[in-house]
Every structure is written in structure tokens, then in C-alpha cells.
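Protein chains in written order, with the numbering used here: chain A, 1 to 286; chain B, 1001 to 1257.
Backbone N, C-alpha and C fix where the C-beta goes; we use that ideal spot for every residue, glycine too.
These figures come from a predicted structure and were not determined experimentally.
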Amino acid sequence: MTGEVAIRVKDVSHQFGEEGDARHVVALRHTSLDIARGELLCLIGPSGCGKSTLLNVIGGLMTPTTGTVEVSGKPVRGPMPHDIAFVFQENALFPWNTVIENVNLGMTFQGVPRAEREARAKRSLEAVGLKDFAQHYPAQLSGGMRQRAALARALSLETGILLMDEPFGALDEQTRMILGEDLSVLLSRTDKTIVFVTHSLGEATFLADRVAVFSARPGTIKEIIKVDEPHPRKPDFVTSQKFTTIRNELYRLLHDEIRKTMAETGMGVAHSASEDARERADGSAL
Amino acid sequence: MKASDRKTEKPLASRAVQVTFLVALVVLWYLATTRWRVSPLLLPNPVLVWDNFWDIIRTGEFLSDLRVTLTELAIAFAISSTSGVIVGYLISRTQYRIRVFEPLFSAIYSVPIILFLPLYVLFFGLGPASKIALGATISFFPIALSTIAGFGYVDKVLVTAARSMGASDYQLFRYVLMPAALPIILTGMRMGFTVALLSIIGSETIASLAGLGHRIVHLAEGMEMARMFAYIVFVVFIAATLNMLVSALETRGKRHG
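Here's what the structure looks like:
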């Protein structure tokens, strides 16, 4: 990390629909954030707090109602395929193309010369451990392998910034643990700037250099927690005291916000002591 | 039993039942005309029908009527698939248009459009033009509807992903929208083809100057029942062949899409 700013978010607010509209929602309010080059920043918060909105605004997929985002000093006005690559939650691979065709098509869209594509595709598939599955269709792969393939497609674009929107969100706990470890190893070898949206406290603690905790809707960044641990992170980091302390701190920050969200949506009304206990038990899992 | 045995046996067994059913039907037909003395004016002897069938094939007598019917079908289908795909694509471009036109087209599709045949005959005459117009109208709706479904409901995340990687409008169409929509459009075109064939032959039997449907009615009016039945067999054969051909093209198109 050089301390140089890769992404600068300046007073960004975003609302869906017009004020007074039945479906008017303020998704994000007055959010500012600097992300350093080479940093991995996790966004974490209750459902609907605007963390995905912020990611889409950074990537130029949404224009914020007010405020600006700069990437390497340039204002973001739309997708910037040469600077920013995305990994989405799931099913963002083209189902009619094989893994290798998916990777090549991404490079075609980005404008990579044909001669370079083969080597780059091979490199990125090797990096995610999928070189033996290049000729498979997405439907022939497990959920975890599909997300590896999506990651390979993003890596082949060789952008400085990677935006990941709950990339392991649809996977089971064990698969996402392994993918998290692999990702940490992979990313320690590059100097990519990464913004990673997740629901999982453990995933955020394990992967991030910093974790930005969002408040309930209308969301903004409530606090930023540093995770001072070098990459690649070892599996035994998970069992360390430092990990537990940071994870508990995130849990404490999030707990009130999640309650607020639940109360608003009416889900938290029938609240009992046993539910409270279950929540504590859930919270202690990775 | 191994799983592979079951797989090969099942289609064979059901094929055997299908063949037995058809053979039984012909046997019943034969018995009805010989033993049970059904009037040959209502049901001719199948052997006589078979002779007539070979006569039609051998002399090539069917050619002029077949040419008329197939030309009508080809022109009607060309009109409906071109206009159906273009109109369907234009509608699919905004959610508003889909909301307006999709229910409208579905409603019209469920109306028996053949009711408008007298009107079409008044407009376009007794000749091929009225059959072409009717066939094109009827087959337009399934094709347009499937094109709307194909292009209108492409998974948003695929479009977003392509855009985020820098896809141009043309690339988005060529590499994302087209392959997503093609299988659904091909299904609609096969359905459109089938209803065009049905409505064209059907309308030829109602009001026409030539064509296979016209020939069948003409023979019925002349009480030439065996020859009429032979023509019906011929039309069934042609229709089955055409549908098989179109289904094969559909499968092929989906594989290469």
C-alpha cells in the first residue's frame, strides 16, 4: 500500500424515485470515503443500507443523485472497463458460452487485441485453479467454481480496481471459507484495489485491510475498522484472538443497525429471549 | 436393470405402442369397409385409397396444388417472421411497450382469426393473396410474442456485466441479447409455422381457387371419396414432413446460437 488514493468518494447521496413518490427510497446519504491503491476495503451493513448502491456508483453503473466519485483522479461518469472490473453475486457468466469463451468475451468487450487474449485467459484461469475446466459450460460447474470463473474473467481484464458485490453470497459456508483463503493468497500477489461487499462478519474480517460499517437506511458509513494483518492471511488467523476481537467489534457496531432495520420492516416485533440467544449463536459463526 | 437399459427400452416400448395404435386404426378402417358394410361414399376401402395415393404420386398430379399451397405458406411465413421479429424486438426495448403490447397480442392470439377469412376474401380475392394474408396474420402473433419474451426478459445482470466490461451496443446485441433470445424466438417461429400451415390449408377448403385444401373439397363435392382420402393422406404426410424439418432446424439453431 503506497497511501496513494485510488478511489475518492465525495459526499455521495443516492435516491431511487422522486420525493413524495410511493417508491421513493433514500439509499445512500452524504457518504465520503478514500480508498488507497492496493487496499482491500469491505463494505458491510444491514440489508438495504446502500452498500451495493455505493459499489455501483463507484463502478459507474449508477449516477448518484448528488456527489462525485473519482478513480485515479478522473471523475466517474459511466463504466470504465479499463480501470474497473466487476464480480457480481451470481449467474453473471454467459450461460451459452464455455468458461474460456466467457473470459475471452470479456476481453473482446474491453478491446484486448486477439493475439493477447489466449495468454491472458490461460493465466487468469490458472490463477483461480480452473484451467482444466476451460471447456465447461457454467451449468456444468458448482456454484463455487462459477464464481472462480467470474473472478477469472474479471482478472483477465487486468484492471487496477476490482469491485465485488457479495461474490460468495450464494455459496455455502465451507465453500466461501476456502474461496476467501484463495482470494487472499491471489490478491497478495497483485496490487489491485478491491472493494468487497459482504454480509459476513467473518469474511470481512478475514479479507479486509479496512472494514466500512454502514448504518441502517438511509445508509452512510458509520465507522471504519482497520484489520492490521498482512496478506496472504493464513487459516489460523481465523482462530486468533485478534480476529475474534475485530469480529466482535464489527458485530457490536452492526447489531444496533440491524435491529433498527428489522424494526422498520416489522420483522423484529415478535422478539423473544430465545431469538436473542439464537442470534448470538449465529453471530459467533464465521 | 441397468439405467442405460431402461433408457433405450422406454422409447422403443412407447414407439411400439404408437405403431400398434396406427396399425389397429387401419385394420378397423379396413373391417369397417368390408365386414361392417359402411357405405363407400362415407368411408372408402383403404386398399382403394392406397391405389389412388400411388396414382397421385406416380402421375405427379399433386404438383400444381402442392406448389400453390407451399408458395402461399412460404410467402406468409416470410412476412410473419420478418415483421414478427422486428415488431417484437422494437416492443421489447422498453418496459412500457412490453406492458402495453404483450397482453394485447396475447389476447388477439387467443381469438380464432380464421373468422376473418370472409373479410380477407373480400379484400384480397379468392386467390392465393387471401390465404397468404390470413396465414401471415395468424402466425405473426406467436412469433412477435416469443420475440418480446426473448429480448424483453434477458437477465439484467448479464447486460450489466457486459456493459461494465465495455460492450458496445452492437456487441451487446450480438453476444448477449441475440444468444439469450434466439432459442425462444425459434420456438415461436416453429409455432408460427405450424399455425400458418393449418390456417392456409384450412382456408383453402373454405374459399379458394387452387391448392391442396381446394383439391380435397373439390373431390368431396364430386363424390370421389377414395381419391379425396388419398389426398388427405398426402397432406398429412407433407405436414408431418414440414413440421419435422422445422423442428430439426429449430434444434440446430438452438445448438449453434
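- Proximity to Ile258(A) across Gly219(A), Ile178(A) and Glu19(A) peaks at Gly219(A), based on C-alpha coordinates.
- Annotation for Arg233(A): no beta strand (DSSP E) segment contains it, and DSSP assigns it neither H nor E.
- With respect to the C-alpha of Ser1083(B), the residue from Phe1141(B), Ile1113(B), Leu1117(B) and Phe1123(B) having the closest C-alpha is Phe1141(B).
- Here Pro79(A) carries a coil assignment [DSSP, helix/strand/coil].
- Between Phe88(A) and Val1157(B), the CB-CB gap stays under 8 Å.
- A check of alpha carbon separations from Gly160(A) across Ser142(A), Glu166(A) and Thr190(A) identifies Thr190(A) as the nearest.
- Using a Cβ-Cβ cut-off of 8 Å, Leu162(A) does not count as an interface residue toward chain B, since no Cβ of chain B sits closer than that to its own.
- CA-CA distance, Val1176(B) to Thr239(A), rounds to 45 Å.
- Under the Cβ criterion of 8 Å, Asn91(A) is counted among the residues facing chain B.
- Around the beta carbon of Asp209(A), 16 or more other beta carbons sit within 10 angstroms, so the residue counts as buried.
- CA-to-CA, the gap between Ala1230(B) and Trp1050(B) works out to about 7 Å.
- Taking every protein chain shown into account, the CB of Leu1219(B) has 16 or more other CB atoms within 10 angstroms, so this residue is buried.
- Contact annotation for Asp1155(B) against chain A: Asn91 [CB-CB distance below 8 Å, chain order].
- For Thr1059(B), there are no CB contacts under 6 Å within the same chain when 5 residues up- and downstream are skipped.
- Arg1099(B) is outside the set of residues whose beta carbon lies under 8 Å from a beta carbon in chain A.
- Nearest to Ser1208(B) by C-alpha distance, out of Val1121(B), Asp1155(B) and Trp1029(B), is Val1121(B).
- Here Asp165(A) carries a strand assignment [DSSP, helix/strand/coil].
- According to the DSSP assignment, Glu116(A) belongs to the alpha helix (DSSP H) that extends over Arg114 to Ala127.
- Under DSSP, Phe196(A) takes part in a beta bridge, and its partners are Cys42(A) and Met164(A).
- Residue burial annotation: Ser1106(B) is exposed, with fewer than 16 other C-beta atoms found within 10 angstroms of its C-beta.
- A straight line joining the alpha-carbon of Ala1162(B) with that of Leu1119(B) spans about 49 Å.
- Contacts with chain A at 8 Å (Cβ-Cβ) do not include Tyr1096(B).
- For Arg210(A), the uninterrupted beta strand (DSSP E) run begins and ends at Arg210 to Phe214, by DSSP.
- Residues of the segment 1111-1122 of chain B that bring their beta carbon within less than 8 Å of a beta carbon in chain A are absent altogether.
- Spanning the alpha carbons of Pro1183(B) and Gly1253(B) requires a straight line of approximately 8 Å.
- Separation of Val1246(B) and Lys234(A) (C-alpha to C-alpha, rounded to the nearest whole angstrom) is 59 Å.
- Under the Cβ criterion of 8 Å, Ala1161(B) is counted among the residues facing chain A.
- Residue state for Val238(A) is assigned as coil, using DSSP reduced to three classes.
- When the alpha-carbon of Leu54(A) is set against those of Leu93(A), Phe196(A) and Ser124(A), the nearest one is in Phe196(A).
- The alpha-carbon of Ile1091(B) is positioned some 12 Å away from that of Pro1103(B).
- Not one beta carbon of chain B lies nearer than 8 Å to the beta carbon of Gln135(A).
- Within chain A, the residues whose beta carbon sits less than 7 Å from that of Leu1158(B) are Ala92 and Phe94, listed in sequence order.
- Inclusion of Pro81(A) and Pro138(A) in the CB contact set at 8 Å is not warranted, their separation being larger than that value.
- Leaving aside the five residues that flank Lys226(A) on each side, the residues in its chain whose CB is nearer than 6 Å to its CB run, in chain order, Arg210.
- Rounded to whole angstroms, the gap between the alpha carbons of Arg146(A) and Gly106(A) is 15 Å.
- Three or more beta-carbon pairs drawn from the segment 7-17 of chain A and the segment 64-72 of chain A are found closer than 8 Å, and the two stretches are therefore classed as touching.
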